[in-house]
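Residue numbering for the sequence shown follows UniProt numbering, beginning at 1 and increasing consecutively.
Glycine included, C-beta positions come from ideal geometry on N, C-alpha and C.
If you're wondering where the values come from, they're calculated on a predicted model, not measured in any experiment.
In what follows, a structure is listed as structure tokens, so that the remarks can point back to it.
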Amino acid sequence: MAYYRTAGAVPPKRHTQHRDDQGNLYYEELMGEEGFSSDSSLLYHRNIPSAIAGARVWDLGDMSTVPNHPLLPRHLKLHDLEFSSGTDVVTGRRLVLGNGDVRLLYVVADAPSPYYRNGIGDECVYVERGGARVETVFGAFEVGQGDYLIIPRATTHRWIPRVEGDEGFTEPLRAYVIEGNSHIGPPKRYLSRFGQLLEHAPYCERDLRAPEGPLLAADLGLDPQEHTEVYIKHRGGGEHSSGGLVGTIYTYPYHPFDVVGWDGCLYPYAFNIRDYEPITGRVHQPPPVHQVFEGWNFVVCNFVPRKVDYHPLSIPVPYYHSNVDSDEIMFYVDGDYEARKGSGIGKGSISVHPGGHAHGPQPGAMEKSIGVDYFDETAVMVDTFRPLELGEAARAVDDGVYSQSWSRSLGAGSGRPDAGSPGQDEVFSTS
């Protein structure tokens, strides 16, 4: 987004000489989008950013997908995924859902990641639990529960999870990763034609946290001239790669944290979901009012604690709706979802509501919601405009019965009305 910042030492005029105290030129790098036609930043390096000393293959693991066929709504229990000690945010993430525009992944991490950059698209990482220090060529962030971190394509960075025993952290880092094949930013309708967030937007520039920097290897007690590996996810895999993606590990003859200054409108930033101001109305508001970010052929929405519909005849839960043009993926983070006996939805769940399937509240939820004036819930939703396929993680934790949760009985044909039937007093508040 076009919000100018500067950090560290930059020359008064762009594309002019910039030297250190010994008279050595710094190396200016333009990091820009859309072929010099969109947002960019200028970074000033101590070393030549193109120099590499070696390259080898990075095996990305199982990135394969299978169609959601037969077409079914699904419940994926992410907290049932197994992650071993020593997992990091970059190499340990597991593919849940994906298509040609976006991939949704999940990881529970307790180890520092390698240095990494995504050469395919921007990443939007939501911190479900725990915390981490994220170090980038632009500077560093401290992120914790509820933070979104938007990382532009080709930003070299690493994740260092906070572990049990660190002050204030008692849970492992749980991260929900949205990898775009495009750029990710605020919805265009929130922005002026010059790029400022408008008055009707549910957040503003004051809510965004920029990296603290610049960040140099020596500041971290590292050798600036040490050979350093950087893991790169990129295009060019063809039909023989895992899901069309490939990885390469570059070895640089120096440490990548060598940027003495930068300025521009392209950089990573953090935003906490608690700073999102929900838009409410007299009657039930549709999902676009909950939108927070967008990419090519997908949007990101969040549902936060809020007052709900105040028309005297309102029904606060959503009406039944058919996803004519999109798949709807809801990640349940917090709230009283445990009350939904029979559906199984709880913290750490993902519901998959595919295009072509009409979905909405559980039986009895509409009546029960009448008179309710507040929903205490937190959820992150991704809507895609091309069908999503199931990754290996989704196939591992699909509960297999969610598609029948709107029926009076999950035990079809058993004759037992109580065989897994959804509770009649539940409120399914989000979507």
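> So, helix, strand or coil for Arg94, using DSSP?
Replying inline: As a first step, residue 94 must be located in the sequence shown, where it is residue number 94. Strand, per DSSP.
For this session: Taking 8 angstroms as the threshold, find out whether the stretch 69-78 comes into contact with the stretch 342-356 through three or more Cβ pairs.
Result: Taking a cut-off of 8 angstroms for Cβ pairs, the stretch 69-78 and the stretch 342-356 touch, as three or more such pairs fall below it.
| message | Could you check whether Val300 and Val246 sit closer than 7 angstroms to each other, using their CB atoms as the reference points? | response | Position 246 of the sequence shown, counting from 1, holds the residue named residue 246. Position 300 of the sequence shown, counting from 1, holds the residue named residue 300. It is not a contact, given that the beta carbons lie outside the stated cut-off.
Open item on the list: Given this structure, state the Cα-to-Cα distance separating Ala419 from Asp398, to the nearest angstrom.
Closed with: By one-based count along the sequence shown, residue 419 stands at place 419. By one-based count along the sequence shown, residue 398 stands at place 398. With a pLDDT of only 35 at Ala419, under the threshold of 50, the placement of this residue in the model should not be trusted; the figure read from the coordinates follows. Approximately 20 angstroms between the Cα atoms of the pair.
Under 7 angstroms between C-beta atoms of Phe298 and Thr384
Within the sequence shown, residue 298 is the residue found at index 298, counting from 1. Within the sequence shown, residue 384 is the residue found at index 384, counting from 1. Thr384 sits close to Phe298, with the two beta carbons spaced by under 7 angstroms.
**Asked** When the distance is taken between beta carbons, is Ala365 closer than 7 angstroms to Leu97?
**Response** Along the sequence shown, read from residue 1 onward, the residue named residue 97 stands at position 97. Along the sequence shown, read from residue 1 onward, the residue named residue 365 stands at position 365. Contact: no.
Along the chain, where does the alpha helix (DSSP H) containing Glu392 start, and where does it finish? Position 392 of the sequence shown holds residue 392. Per DSSP, Glu392 belongs to the alpha helix (DSSP H) from 392-397.
Practice task
Taking Ile249 as the reference, give the member of Val260, Asp219, Glu229, Asp39 with the closest Cα.
Solution key: Your numbering for residue 249 matches position 249 in the sequence shown. Considering only alpha carbons, the answer is Glu229.
Tell me where the alpha helix (DSSP H) around Ser41 begins and ends.
As a position in the sequence shown, residue 41 is number 41, starting the count at 1. Run containing Ser41: none in the alpha helix (DSSP H); it sits in the beta strand (DSSP E), 40-45.
First through last residue of the alpha helix (DSSP H) which encompasses Glu28: Here the question's residue 28 lines up with position 28 in the sequence shown. Note, Glu28: premise wrong, no alpha helix (DSSP H); beta strand (DSSP E) at 27-32.
Short check: CB of Ile150 to CB of Ile184, under 7 angstroms?
In the sequence shown, the residue the question calls residue 150 occupies position 150. In the sequence shown, the residue the question calls residue 184 occupies position 184. Result yes, Cβ atoms of Ile150 and Ile184 sit closer than 7 angstroms.
Next item on the list: In angstroms with no decimal places, state the Cα-to-Cα distance between Gly130 and Thr65.
Entry: Counting from 1 along the sequence shown, the entry for residue 130 is found at position 130. Counting from 1 along the sequence shown, the entry for residue 65 is found at position 65. Rounded to whole angstroms, Gly130 to Thr65 spans 29 angstroms at the Cα level.
Which residue from Phe257, Ala7, Asp80 puts its Cα closest to that of Thr136? Here residue 136 refers to the residue found at position 136 of the sequence shown. For Thr136, the nearest C-alpha among the options comes from Phe257.
query = By how many angstroms is the C-alpha of Thr280 removed from the C-alpha of Tyr319?
reply = Stepping through the sequence shown from its first residue, residue 319 is reached at position 319. Stepping through the sequence shown from its first residue, residue 280 is reached at position 280. Between Tyr319 and Thr280, the C-alpha separation is close to 16 angstroms.
Secondary structure, beta strand (DSSP E): runs of 3+ residues fully inside the stretch 235-276: 246-252, 259-264, 269-272
Complete runs of the beta strand (DSSP E) confined to the stretch 147-173 [at least 3 residues]: Whole beta strand (DSSP E) segments, 3+ residues: 147-151, 157-161.
Between the stretch 212-221 and the stretch 180-196, are three or more C-beta pairs nearer than 8 angstroms?
no
Going by alpha carbons, who is nearest to Thr112 out of Arg162, Asp101, Gly400? Indexing the sequence shown from 1 puts residue 112 at position 112. For clarity, residue 112 is Pro in the given sequence; the question names Thr instead. Here the closest residue by C-alpha is Arg162.
For Ile7, which beta-bridge partners are listed by DSSP?
-> In the sequence shown, residue 7 corresponds to position 7, counting from 1. Position check: residue 7 holds Ala in this sequence, whereas Ile was assumed. Trp262.
### Task
Mind the definition here: the stretch 118-126 touches the stretch 168-182 only if three or more C-beta pairs lie below 8 angstroms; say whether that holds.
Yes: the two stretches touch, three or more of their Cβ pairs being nearer than 8 angstroms.
Report task. Pick helix, strand or coil for Gln291, following the three-state DSSP scheme. Result -> For this step, residue 291 is matched to residue 291 along the sequence shown. It is a strand residue.
Worksheet item: In terms of residue numbering, what span does the alpha helix (DSSP H) encompassing Ala365 cover?
Response: Counting from 1 along the sequence shown, the entry for residue 365 is found at position 365. Per DSSP, Ala365 belongs to the alpha helix (DSSP H) from 365-369.
Segment limits, beta strand (DSSP E) that includes residue 433: Coverage of the chain is limited to positions 1 through 431, which leaves residue 433 absent and any answer about it impossible.
| said: Once the 5 residues before and after Asp425 are set aside, which same chain residues still bring their CB inside 7 angstroms of it? | reply: Stepping through the sequence shown from its first residue, residue 425 is reached at position 425. Note that Asp425 scores 35 on pLDDT, short of 50, meaning its location in the model is unreliable; the coordinates nonetheless yield the value given after this. For Asp425, where only same-chain residues beyond five positions count, the Cβ hits under 7 angstroms are Gly364, Lys368.
**Asked** Taking all protein chains shown into account, do 16 or more other C-beta atoms lie within 10 angstroms of the C-beta of Val324, making it buried, or fewer, making it exposed?
**Response** What you label residue 324 is simply residue 324 of the sequence shown in a count that begins at 1. So Val324 ends up on the exposed side.
Distance check for Ala55 and Pro361, CA to CA, integer angstroms please. Taking the first residue of the sequence shown as position 1, residue 361 is located at position 361. Taking the first residue of the sequence shown as position 1, residue 55 is located at position 55. So the two alpha carbons sit approximately 52 angstroms from each other.
Next on the checklist: I'd like the list of long-range same chain contacts for Asp336, defined as Cβ closer than 7 angstroms, with 5 residues on each side in sequence excluded.
Outcome noted: By 1-based counting over the sequence shown, the position of residue 336 is 336. If we look at Asp336 and ignore the five residues flanking it on each side, its Cβ neighbours are Asp376.
* Assumed close pair His311, Arg282 - CB separation to whole angstroms, cut-off 8 angstroms -> Working through the sequence shown from its first residue, we reach residue 311 at position 311. Working through the sequence shown from its first residue, we reach residue 282 at position 282. Contact holds; Cβ gap of about 4 angstroms.
Where Glu82 sits in the DSSP three-state scheme: To locate residue 82, count along the sequence shown from 1; it is residue 82. If DSSP states are grouped into helix, strand and coil, Glu82 belongs with coil.
Asp110 beta carbon less than 7 angstroms from that of Pro11:
As a position in the sequence shown, residue 11 is number 11, starting the count at 1. As a position in the sequence shown, residue 110 is number 110, starting the count at 1. No, they are not a contact pair.
task = Between the Cα of Leu42 and those of Ala7, Glu34, Asp62, spot the shortest distance and give me the residue it belongs to.
result = Here residue 42 refers to the residue found at position 42 when the sequence shown is read from its first residue. Ranking the options by Cα distance to Leu42, first place goes to Ala7.
Quick one: give me the first and last residue of the beta strand (DSSP E) that Trp406 is part of. Position 406 of the sequence shown, counting from 1, holds the residue named residue 406. Note, Trp406: premise wrong, no beta strand (DSSP E); not H, not E.
| Do the CB positions of Ile120 and Arg235 come within less than 7 angstroms of each other? | Translated into the one-based positions of the sequence shown, residue 120 becomes position 120. Translated into the one-based positions of the sequence shown, residue 235 becomes position 235. The answer is yes: Cβ separation under 7 angstroms.
### C-alpha gap between Ser241 and Val57, whole angstroms
One-based indexing of the sequence shown puts residue 241 at position 241. One-based indexing of the sequence shown puts residue 57 at position 57. Note that Ser241 scores 48 on pLDDT, short of 50, meaning its location in the model is unreliable; the coordinates nonetheless yield the value given after this. Straight across, the Cα-Cα distance linking Ser241 with Val57 is about 12 angstroms.
Exercise for the section: Assign Glu205 to one of three DSSP states: helix, strand, or coil. Expected result: As a first step, residue 205 must be located in the sequence shown, where it is residue number 205. Glu205 falls in the helix class under three-state DSSP.
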